[in-house]
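**Q**
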Amino acid sequence: MSYNINTKGYYGDFGGAYIPEMLYPNVEELRQNYLKIMSDSEFQKEFHQLLKDYVGRPSPLYFAKRLSEKYETNIYLKREDLNHTGAHKINNTIGQILMAKRLGKHRIIAETGAGQHGVATATVCALMGLECIIYMGEIDIARQAPNVARMKMLGATVIPAKSGSKTLKDATNEAIRDWINNPINTHYIIGSVVGPHPYPDMVARFQAIVSEEIQWQLKEQTGKTKPDYIIACVGGGSNAAGAYYHFLDNTDVKLIAVEAAGKGIHSGESAATSVLGKEGIIHGSKTLLMQTTDGQITEPYSISAGLDYPGVGPMHAHLYKSGRAEFLSITDNEAMNAGLELCQLEGIIPAIESSHALATFKKKQFKPNNVVVLSLSGRGDKDLETYINHFKL
Amino acid sequence: MSYNINTKGYYGDFGGAYIPEMLYPNVEELRQNYLKIMSDSEFQKEFHQLLKDYVGRPSPLYFAKRLSEKYETNIYLKREDLNHTGAHKINNTIGQILMAKRLGKHRIIAETGAGQHGVATATVCALMGLECIIYMGEIDIARQAPNVARMKMLGATVIPAKSGSKTLKDATNEAIRDWINNPINTHYIIGSVVGPHPYPDMVARFQAIVSEEIQWQLKEQTGKTKPDYIIACVGGGSNAAGAYYHFLDNTDVKLIAVEAAGKGIHSGESAATSVLGKEGIIHGSKTLLMQTTDGQITEPYSISAGLDYPGVGPMHAHLYKSGRAEFLSITDNEAMNAGLELCQLEGIIPAIESSHALATFKKKQFKPNNVVVLSLSGRGDKDLETYINHFKL
Amino acid sequence: MNRINKKLLENKKLLSIYFTAGYPSLDNTVSIIEGLEKNGVDILEIGLPFSDPLADGPTIQASSTQALNNGMTTKVLFTQLKDIRKTVSIPLIIMGYFNPILQYGVEAFCKKCQEVGIDGLIIPDLPVDVYHDEYQEIFEKHKLINIFLITPQTSEKRIRYIDSISNGFIYMVSSSSVTGSQSGFGEAQTQYFKRIANLKLKNPQIVGFGISDKTTFNQATQFAKGAIIGSAFIKYVSEFGVNNLKRFINTIKD
Amino acid sequence: MNRINKKLLENKKLLSIYFTAGYPSLDNTVSIIEGLEKNGVDILEIGLPFSDPLADGPTIQASSTQALNNGMTTKVLFTQLKDIRKTVSIPLIIMGYFNPILQYGVEAFCKKCQEVGIDGLIIPDLPVDVYHDEYQEIFEKHKLINIFLITPQTSEKRIRYIDSISNGFIYMVSSSSVTGSQSGFGEAQTQYFKRIANLKLKNPQIVGFGISDKTTFNQATQFAKGAIIGSAFIKYVSEFGVNNLKRFINTIKD
Ligand SMILES: Cc1ncc(COP(=O)(O)O)c(C=O)c1O
Ligand SMILES: Cc1ncc(COP(=O)(O)O)c(C=O)c1O
């Protein structure tokens, strides 16, 4: 059994391109070209050059000594927090902006929730001198002011999504609408492994640099070719997809996916899609999503804006259904405490998204000889205010 | 003529250790041991390992294509903004914390202005599990709230300096007083190439990793062994010292040091020490400093908290007096515009300190075949509010 | 013969209207349907509201949100439509996004449609291939015509393919846009309408998106069999309610 | 013979007082000096205020800031001291940080000190070596005794070196601290005082830092020649002004 995508654009039962006809030409153009473009050696060269000189890759694989001592195992943090713009998101936007250029697009749109993907997109647009429009829920604009400012500094236009719940899901709808309205000159940079095929696969391939590096870094540092566990948080699922990618079909490597339980899985304020979700269609993809019995998409909740999404990517739906990955749910409080613990044990302030992954160590006992790689997907600067308020610092 | 330190702890006429007797044992212990410890291969191994796996070094040397096109020359940005905690400061704190451990100290103090050095110090203390006390001017605490929160998250105690002008200079005085009061168990991590000998030299040697990398990165990317110019901003001077270090005695490489002219050199609100300063003693070192004719140290001003210091390190005083480096003064406005330009041309939001260095391109014309390396000393996340207010974003 | 096919045989330009079920009030569905038939509308598209209608513009989205808040669900809609065929004879099409239908169960949904007398479905986010491979049989078993969309960007090859698997009409999206975003048609649209007409497809085309008044209706139907009005109608009922639908129809047809 | 050396020959424990020139008011300098001499103080340290007095605690720093705000400068101080030797005969020492002296010009400063009748200098941040290599000659030319500090952390070797280049007294800092941070002496201090006494240095020692009342004065002078009071005196004048200095002296000596 393969846990990767099949030729029809599905991971097991999940994936596909459930899109209105208006989007068909755009998505089809991408589908027909993405693999060809990505396998082009010039493309790879430019992509890797930018990852190295601009993003600052390879991101370190850091053996967290004090954290390992505390949890009596061997914990390696994959430091995506050190990337330019502060999270793994940039790996994907660098890839997609090069893709867009090769497709002859000169206008870029994107959706953003917390603003990390918006900043990463605005960044690569500035880098390439392309017009950039970011859709962001009106409510998110208010609560993520610093990232809005960053996008504006980078020359992007930020358009408030005023429909629905005025958050990420609606920003995504607005971005899709923009793409419908601008089918020729515009590329839509989706920020996670979600959306219609080929997006989940394309984004996963761009993020796969993460597990590619883990492979040789682990070898270099421990002599082992693979870890025993890989832990990553899952919003849409892109950092997890990147961290898992080269180990997907190597079942010796156990995968742990961490979702946001918000105020408690059954509190009504949660984003634990694997537990609460059912199969359905969201943003063009068949996957697991949180919905009413009637098929209306429900509003998720998490203290972490990046996990506050009612679906997961189709790869993750498949990893869940097949049992390939173990899914954990972590509450706001558990995540915040794990974040603070990393600060004080290792001097690293993690993004609250990543703090969810870190909380795994309180939930699950690893063996003293286990090698556990955790995707530290982003830095916590964007979350300072939330931390401050939470801990009353 | 050498532009490096001599055996007595002086750069030309500048340097030395003008300290009260109460500090003598501490400083002397350090002076006698620092070179021995630093040259120990175990120390070097641990230092370089942390720089690689924890800080994320080497920081990229990034060819800024669009900036280069605009200014018709070849601009390479040394990306210290990508370091863990967001600036070059961490290179030094990593080195000093290892030094402190080898000296058997288990209590760490530091001064901070904008909070970058405080965060970098709190970070390495958390990493090593050492007690950490940060002195910060009461006024700076109020205006740099996010960095104060970061320090607290990292487990540091932040003590307000309530004396004098309640800013960096006074925080430094308070830290020195703390050191006087705790001579045995405490190491004082100074954050720039200032203070009594051996601090300027020790900090410069830790920061020298920057020019060490520039050497081989430039070779790798261009085949050249040296740039024509190196540009860096100067607060105390540590990022400049690091970027210049391996080129100090190679006079083919022209050095440009950029100071903050604040609201204008002669506006009374400035920090352009080379123009406005005279020789004198500040924080234990003979150097250039801004002072009244009576020898009282005056309050500097810059929109950038990291350049808001009334002195420069003795290395820089010597580079100025000897003519080895060209000193430029950049106003608040010029810096802010240069910062915004970098955002929009290259997708990088620079620290306002670094924006001062970037403003050089509007002041000075380089040749089309010149290779110009600019130290991008830090990222602008800490400065977002200042940028927002300035540009009314 | 399906009511849609029969209607398409009539020698006239067809006026089709889209409305969101449950809007402005939960129980307006039947009176809107009856009122529009009485005023000469030829085909009705009953919008099954969805929380995230990504092919729709703000007007239809807002009406959907309101309808959901009013309590509209798939079950409620079927209950409201239970006796619709006692009073209404024009073709009725349900237009909805795929997820609510999937949750209801595609087969159960089709069965229910047949029971209450629905003639066809428009599911913008159900791709042609998936329909063809997985659902066509079920739809046909329940005598439901599935209506596909084409846009100015749809290639001729794809249009011909869509034509080949269609057996009612083709929903011709007037321009690259979501609903409600056009005002008036220009040269580009006319060219497009002509181009499609010249393809001589086996299925007639009905134009949708951007039709709001006599002018646009006439432009659209110059080359096509009919036209669909959505946002303009929603706006009308928002303002004037559901009791005087004649006045709205008068703004479209004489 | 320099007044300091002469004073040190007196067979008694010496009381030395530090005050910040220009505090509490700009022109208090002369009346403080005269008042303290009249009340039996043996040696005076006139503090030349500095913006960044890093060896001093909050009390002296605050008085320095106030003095500077009051307009105190090196020139003003010398003007105030112009005729001091007409009325005052006890040793006068200027205590100041090095930078203001450097800006005035070290030679000019020493010359001026000699002119107005200053006997010695305490410059906490002028290191012994630099003094020795660069300034000793100038100081000696102008008959100024330079006073060095030692602390509990100063090694014996260094103490002996300092003793060898001193020719007045040694300023023995009572503990590792800035001024004003002690309250009372403990066993550690007593041990330290004894240890230094046992070194039998050629220069007598006067203890400073942390002396605030009879008890601490007596403790400090049990083994040393004298003691210096700073912060406690500053606090007194802050509260009670400069007119009744006797009351302060009474809290120290009977
Ligand atoms: C730091 C960080 N981690 C994780 C996520 C979640 O996204 P994904 O699941 O696609 O990695 C986000 C999204 O904004 C993020 O910013
Ligand atoms: C980003 C950055 N650059 C430059 C400086 C100035 O310090 P230095 O001159 O020691 O490099 C600072 C000080 O805080 C800083 O944070």
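Chains as they are written, first to last, in this note's numbering: chain H, 1 to 393; chain L, 1001 to 1393; chain W, 2001 to 2254; chain Y, 3001 to 3254.
We put the CB at the ideal spot given by N, CA and C, even for glycine.
(1) Is any non-hydrogen atom of ligand 1 found closer than 7 angstroms to the C-beta of serine 1039(L), if you look at the structure I gave you?
(2) Which of the residues in the segment 3017-3037 of chain Y, read from start to end, lie with their CB under 9 angstroms from any CB of chain L?
(3) Near leucine 2121(W), which residues of its chain fall below 6 angstroms by C-beta distance, leaving aside the five closest residues on each side in sequence?
(4) So, with DSSP's three-state summary, where would you put leucine 3245(Y)?
(5) Flag glutamate 353(H) as yes when its Cβ comes closer than 7 angstroms to any non-hydrogen atom of ligand 1, and as no otherwise.
(6) Would DSSP call glutamate 3187(Y) helix, strand or coil?
(7) Name the chain W residues that come within less than 9 angstroms of asparagine 185(H), Cβ to Cβ?
(8) Taking Cβ positions only, does alanine 13(H) come closer than 8 angstroms to chain W?
(9) Note down, in chain order, every chain H residue with its Cβ under 7 angstroms from the Cβ of aspartate 1332(L).
(10) Out of Thr225(H), Thr121(H), Glu21(H), state which residue places its alpha-carbon closest to the alpha-carbon of serine 192(H).
(11) Which residue marks the beginning of the beta strand (DSSP E) containing lysine 1278(L), and which one marks its end?
(12) Roughly how many whole angstroms lie between the Cα atoms of serine 1274(L) and tyrosine 1320(L)?
(13) Just mark proline 368(H) as buried or exposed, buried being the case when its beta carbon has 16 or more other beta carbons within 10 Å.
(14) Spell out the partners DSSP gives glutamine 3205(Y) in its beta bridges.
(15) Would you please state the rounded distance, in angstroms, between the beta carbons of isoleucine 1349(L) and arginine 1379(L)? I believe it to be under 8 angstroms.
(16) Roughly how many angstroms lie between the CA atoms of serine 3025(Y) and glutamate 3034(Y), to the nearest whole one?
(17) Could you tell me whether the Cβ atoms of glutamate 1353(L) and glycine 1306(L) are closer together than 8 angstroms?
(18) Taking only beta-carbon positions, decide if alanine 3055(Y) is within less than 8 angstroms of chain L.
(19) Looking at proline 1020(L) and leucine 3048(Y), is the spacing between their C-beta atoms short of 8 angstroms?
(20) Apply the 10 Å Cβ neighbour rule to isoleucine 397(H) and answer buried if 16 or more other Cβ atoms are within range, or exposed otherwise.
(21) Taking the alpha carbon of serine 59(H) as the point to measure from, which residue in Glu72(H), Ser39(H), Thr85(H), Ser41(H) has its own alpha carbon closest?
(22) Going by DSSP in three states, glycine 2200(W) sits in which element: helix, strand or coil?
(23) Compute the Euclidean distance between the alpha carbons of leucine 2009(W) and threonine 172(H), then round it to the nearest angstrom.
(24) Which partner residues does tyrosine 11(H) have in the DSSP bridge list?
(25) Going by the C-beta, is lysine 1078(L) closer than 7 angstroms to any heavy atom of ligand 2?
(26) Return helix, strand or coil for threonine 2074(W), following the three-state DSSP convention.
(27) Rounding to the nearest angstrom, what Cα-Cα distance links valine 1372(L) and lysine 45(H) in this structure?
(28) Flag threonine 123(H) as yes if its beta-carbon sits less than 8 angstroms from any beta-carbon of chain C, otherwise no.
(29) So, does the CB of glutamate 111(H) fall closer than 8 angstroms to a CB anywhere in chain L?
(30) Does tyrosine 387(H) come within less than 8 angstroms of chain L when only Cβ atoms are used?
(31) Should leucine 35(H) be labelled buried (16 or more other beta-carbon atoms within 10 Å of its own) or exposed?
(32) Counting Cβ pairs, one atom from each stretch, are 3 or more of them under 8 angstroms apart for the segment 1125-1139 of chain L and the segment 1069-1077 of chain L?
(33) Inspect the beta-carbon positions of tyrosine 135(H) and alanine 100(H) and report whether they are closer than 8 angstroms.
(34) Below 8 angstroms on the Cβ atoms is my contact criterion, and I expect proline 1200(L) with valine 1027(L) to pass it. Report the Cβ-Cβ distance as a whole number of Å.
(35) Which whole runs of the beta strand (DSSP E) in the segment 3009-3061 of chain Y are 3 residues long or more, in chain order?
(36) Using a cut-off of 7 angstroms between C-beta atoms, extract the partners of alanine 1017(L) located in chain Y.
**A** So, from the listed chains and residues:
(1) No, the beta carbon of serine 1039(L) sits no closer than 7 angstroms to any heavy atom of ligand 1.
(2) Under the 9 angstroms Cβ criterion, the segment 3017-3037 of chain Y contributes no residue.
(3) Around leucine 2121(W): Ile2094, Leu2144, Asn2146.
(4) For leucine 3245(Y), the secondary structure class from DSSP, reduced to helix, strand or coil, is helix.
(5) Checking the 7 angstroms criterion, the Cβ of glutamate 353(H) is within range of a heavy atom belonging to ligand 1.
(6) In this structure, glutamate 3187(Y) counts as helix in the three-state DSSP scheme.
(7) Within chain W, no residue comes near asparagine 185(H); the closest Cβ sits about 11 angstroms away, beyond 9 angstroms.
(8) The residue you asked about is not alanine; residue 13(H) is aspartate in the sequence shown. Using a CB distance cut-off of 8 angstroms, aspartate 13(H) does not count as an interface residue toward chain W.
(9) Residues of chain H passing the Cβ test: none, with the nearest at roughly 17 angstroms.
(10) Selected option, being the one with the closest Cα: Thr121(H).
(11) Note, lysine 1278(L): beta strand (DSSP E), 1278-1282.
(12) A direct Cα-to-Cα measurement between serine 1274(L) and tyrosine 1320(L) gives close to 7 angstroms.
(13) Proline 368(H) is exposed by the Cβ-count criterion.
(14) Paired residue(s): Ile3170(Y).
(15) Contact flag correct, Cβ pair sits at about 6 angstroms.
(16) Taking the straight line from one Cα to the other gives about 15 angstroms.
(17) For glutamate 1353(L) and glycine 1306(L), yes; Cβs fall inside 8 angstroms.
(18) Yes, its Cβ sits closer than 8 angstroms to a Cβ of chain L.
(19) No; because the gap between Cβ atoms is not below 8 angstroms, this pair is not in contact.
(20) Here chain H has residues from 1 to 393 only, and residue 397(H) is not among them.
(21) Nearest option by C-alpha distance: Thr85(H).
(22) According to the sequence shown, residue 2200(W) is lysine rather than glycine. For lysine 2200(W), the three-state secondary structure derived from DSSP is coil.
(23) Computed Cα separation, rounded: 41 angstroms.
(24) DSSP lists Phe14(H) as the bridge partner or partners of tyrosine 11(H).
(25) At a cut-off of 7 angstroms, the beta-carbon of lysine 1078(L) does not count as near ligand 2: no heavy atom of the ligand is closer than that.
(26) Of the three classes helix, strand and coil, the one that applies to threonine 2074(W) here is helix, per DSSP.
(27) Those two C-alpha atoms are separated by around 24 angstroms.
(28) The question asks about chain C, but that chain is absent: this structure's protein chains are H, L, W and Y.
(29) By this cut-off, glutamate 111(H) is not an interface position.
(30) It does; some Cβ of chain L falls within 8 angstroms.
(31) Leucine 35(H) is exposed by the Cβ-count criterion.
(32) At 8 angstroms Cβ cutoff, the stretches do not touch.
(33) Against a cut-off of 8 angstroms, the Cβ pair of alanine 100(H) and tyrosine 135(H) comes out as no contact.
(34) Contact between proline 1200(L) and valine 1027(L) does not hold, since their C-beta atoms are separated by about 12 angstroms, which reaches or exceeds 8 angstroms.
(35) Complete beta strand (DSSP E) runs here, min 3: 3014-3020, 3043-3048.
(36) Going along chain Y in sequence order, the residues near alanine 1017(L) (Cβ under 7 angstroms) are Pro3127.
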